[in-house]
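Comments concern the structure below.
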Amino acid sequence: MKATTSWYFLGPLLVFATSHSEARTTEKPTVSTPHKAKNTPKPTASRGTPQQAPEVAATKAEPKIASPAIEDVVVTSQHRQERIQDIPISITAFDAKTLKKFNLKSSDDLASHLTDVQIAMPSGKGNQPLIAIRGIGLNDTNTNNAGPNGVYVDGIYEASPAGQTFQTFDLERVEVLKGPQGTLYGRNTTGGAISYVTAKPTDKFYANQDIEYGSWNSVSMTSILNGKIADGVDGRVAINYNYSDGYFRDLTDNNTTNGANDLAYRGQIKAKPADDLTLLFNFHGGLVSRRPDEYRNVGTFNGAFGDTCSNSAITAGHCTDLYGYNGSKSFYKGYYNRDRPLWINAMGGSVQLEWSPGPFTLTSLTGYEVSHKIHPEDSDAGPNQILEIDYGVRSTDISQEFRVNGSGRRYHWLVGLYYLNEHLKQDQSLNELTDLDQILGMAGAGDGTSMATRTINGQFTQSVAAFSQVDYEILDRTHLTLGGRLTYEHKAFNDYTLASIEEGGVMPARTPLYSIQENLTNRAASWRVAIDHKFTNAIMAYGSISTGFKSGGFNGGFLDIDPVNAAYQLRPVKPEYVTAYEVGFKADFLRHRLRWNAAGFFNSYRDQQIYNLIPGSNGVALSTLGNAPRAQIKGVESEFDLTPIPRLTMQLNVSFLNAQLGRFTAGAGTPSAVSYRGNQLPNAPHITATMLAMYHVPFQNGDDLQFMLNSSYRSHQYFDSTNNPLVAQRAYWLFNGKITYALAKPNLQISFIGKNLTGEKYLNFMSNLSSGLGILEEVVGTPRYFGGEANYTF
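The sequence shown runs 555 to 1348 under our numbering.
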């Protein structure tokens, strides 16, 4: 059954805009280098200028086509405007035009254009992501445990993992920071941060309509309206809608799945009641209503209720799941027995105040986010009822941040306070082998085995932090940066579990099994020291040492019916700490036609939080959280930008990563204990690379023709800490292309888009359910896609 809800009213939103032709301002398409922003403010001796108001960041001007120089990048990653070449941090930024060129529609698309960044979707599109930056991530799919990489939208920390994937529309830019970012960002992160900055209201009329149609009856529409509301008050509204039949086929009813049916919206009002005071109000939300993504079933048993196959037989697709189903014969097809819709409703708002009375700027940022998700998952990825899980989660987040920053001729300083209050409730049901009697044709065959459980747990989190950073020009062209953070975090966790086990051929009503309450408090101090020196205006080198902290937590998954195993699962996981060492340089050569940025890093991990699946009492995988006493991560990153001739842009970015566990035993103290010492960390391929070639042809009448080809490479990677060769993805390339013709009059762009041009079959994620069930649950990557796009500015 397909979700039939549609929102095709978006196009008419902008029809009235033609009546404003006398007052409108057209935004002529420009040719910009990916990752670039324009109109770079001239840096002072103390590097950068304070961020006075939201609208001043990364403004852009018309490029000079005759000049092949690489454009500068301006970001606000340190809460002030700076050229990216002047910041002693590993950072990659994408401006609005680059995001459009890459046709990025969702936050999980971002990783394919970055090195050393992986974004896995263990439950498919529209659900929570697993983000790994430089090998630092957490494979826990439970929504009560946020990962070690922060996601921010307009400075608001997305506390709930379920809210960390969303449509990327009407953005000003995206900034990706690698390494611990605790001294500046709202909540401590050990791996890094991804910051999304939305386009802000201005007083000039602007309206834009974008429509894309492509494979699988896919439709994407974005409408934007911006302009002056009253003197000193500006507004902006953006709406995005996506629909797709999907590329996966359910052979049971011949319907398609793994599609889209989602709506997102954002409204902003900016007011300047005084010259030194700016207020920005933001209201946003989104809705998803469609059939959940289906997984690919790869069997690991030698027939129904058989023993385990050899790895070669499993890889060849000769094996089945517990009931004898073989779903590995086709990569994008299968038989399924559930079609209830995935439903997600999220909304929120924020208020940002900036007051600049003179020597300093005070910023207040208040955020409110609420989300509700129901995900009925066909967990066994087959036509039977081996395993079916319903995930339900509600979360409410309230955050408040205060910052005061100022600057002088040789220095910048910033101090801040941060507070987060999060309430999260999970209501989850699991049905296991509930049709065993029917499969075996014998009443009572499932006695003591067929099981139904329901887990209702809640988590309340309070996080308070004080942070500060100062950088000072200690010598001519040499800057010293010092930063620190004090964090207090308290979590209260409760779990109420009910269970029912078949008896006498009957599944009785669920009865209470566990009722648990736990509390955890963590305190930590983290810091950062960096020094950089500019040898010339075009060459800068830096070195830094920083520490990161992620608080402890609780296992929010299903508890084993064996109280001993359940007690092991409920042990709070300890905080994790990282000390990161980095050296690098940023340099422009050949009159700014060649840019080479490189960094080498070494991370020493202590008590890294590890998520694993181990065999439980009923033979089914048991989710556990533990701490690896030691882990080491080291690597090198290099980015090359080249504009050898006017109108031609080329990029090559390469990263080499070695991320290994030290001493770690999963399930320590249980019969299933196993050592993973020396294993490669999950979602941490040794080599990642991206390449880009873009050429445009301008015409005398102002029109422009642009060709773009980009690719990404991921070497072999594992999806969990076991380093099981079956739970892995071989090395692969992805190639994308785009051809755009931009008309000067009318202001219209027509594009032809191709993604995964070679039709590469690859996995985004995999879960190992082979213990007891005989299933490898695979999340397949999107196949070849072709589409056409029209973008019109009124």
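Quick reminder that beta carbons are idealized off the backbone N, C-alpha and C, glycines included.
All values derive from a computational prediction rather than experimental measurement.
The segment 1095 to 1115 makes contact with the segment 1040 to 1059, as at least three CB pairs between them are under 8 Å. Cβ neighbours of A1247 within its own chain (closer than 6 Å, five residues either side excluded): M1204, L1263.
Closest in alpha carbon position to A825, among E726, E766, Q906, is Q906.
Contact annotation: the segment 1321 to 1331 touches the segment 1169 to 1181, with at least three C-beta pairs closer than 8 Å. D991: member of the alpha helix (DSSP H) spanning 990 to 994, first to last residue. For Y890, the CB contacts under 8 Å within the same chain, skipping 5 residues up- and downstream, are D804, T806, T811, E848, D932, A935, G936, P937 in chain order. In the three-state reduction of the DSSP assignment, L692 falls in the coil class. When beta bridges are read from the DSSP output, M775 appears opposite I765, Y795. By the criterion of a C-beta distance shorter than 6 Å, L1202 is surrounded in its chain by Y1249, once the five residues flanking it on both sides are discounted. Per the C-alpha coordinates, the member of F1139, Q1163, V627, N865 positioned closest to A1153 is F1139.
Residue pairing by DSSP puts R727 in a beta bridge opposite D649, V751.
Assigned with DSSP and collapsed to three states, I940 falls in coil, not helix or strand.
Membership of Y1068 in the beta strand (DSSP E) is indicated by the continuous run 1065 to 1090. Judged by DSSP secondary structure, A1213 falls within the beta strand (DSSP E) whose first and last residues are 1202 to 1215.
In this structure, DSSP gives D785 a state outside helix and strand, which the three-state scheme calls coil.
S949 places its beta carbon 8 Å or farther from that of I710. Pairing S1022 with G1038 gives a Cβ-Cβ distance under 8 Å. Comparing alpha carbon positions, the residue from I624, I748, V671, T756 closest to R1268 is V671. Less than 8 Å separates the beta-carbon of A1220 from that of V1228. Secondary structure at Q672: strand, using DSSP grouped into helix, strand and coil.
S1266 is the residue among R790, T697, A1078, S1266 whose C-alpha sits nearest the C-alpha of E1314.
Between the alpha carbons of G1059 and L987 lies a distance of about 13 Å. Only residues of its own chain outside the window of five on either side were considered, and among them T811, N812, E848, Y886 have a CB closer than 6 Å to the CB of F802, listed in chain order. Following the DSSP letters along the chain, one finds T869 in no beta strand (DSSP E) but inside the alpha helix (DSSP H) bounded by residues 865 to 869. As DSSP reads the structure, D626 sits in no beta bridge. Contiguous alpha helix (DSSP H) elements confined to the segment 949 to 987 do not occur, taking only those with 4 or more residues.
For A1120, the enclosing alpha helix (DSSP H) covers residues 1117 to 1123.
Restricting attention to F1218, S666, G789, the CA atom closest to the CA of V1208 is found in S666.
Beyond the five residues adjoining it in sequence on each side, V787 comes within less than 6 Å, by CB distance, of A825 in the same chain, given in chain order. Secondary structure of G1326 (DSSP, three-state): helix.
The way I'd put it, the segment 1006 to 1020 does touch the segment 971 to 983; three or more beta-carbon pairs between them come closer than 8 Å. Excluding residues up to 5 positions away in sequence, T1007, R1008, R1064, T1065, P1066, L1067 lie with their Cβ nearer than 7 Å to the Cβ of L1052 in the same chain. Fully contained in the segment 1259 to 1315 are the following beta strand (DSSP E) runs of length 3 or more, in chain order: 1286 to 1297, 1302 to 1309. Assignment of P930 by DSSP, reduced to helix, strand and coil, places it in the strand class.
Nearest neighbour of F1273 by Cα position, chosen from N681, E1332, F1261, A1222, turns out to be E1332. Q1071 sits exposed, since fewer than 16 C-beta atoms from the chains shown fall within 10 Å of its C-beta.
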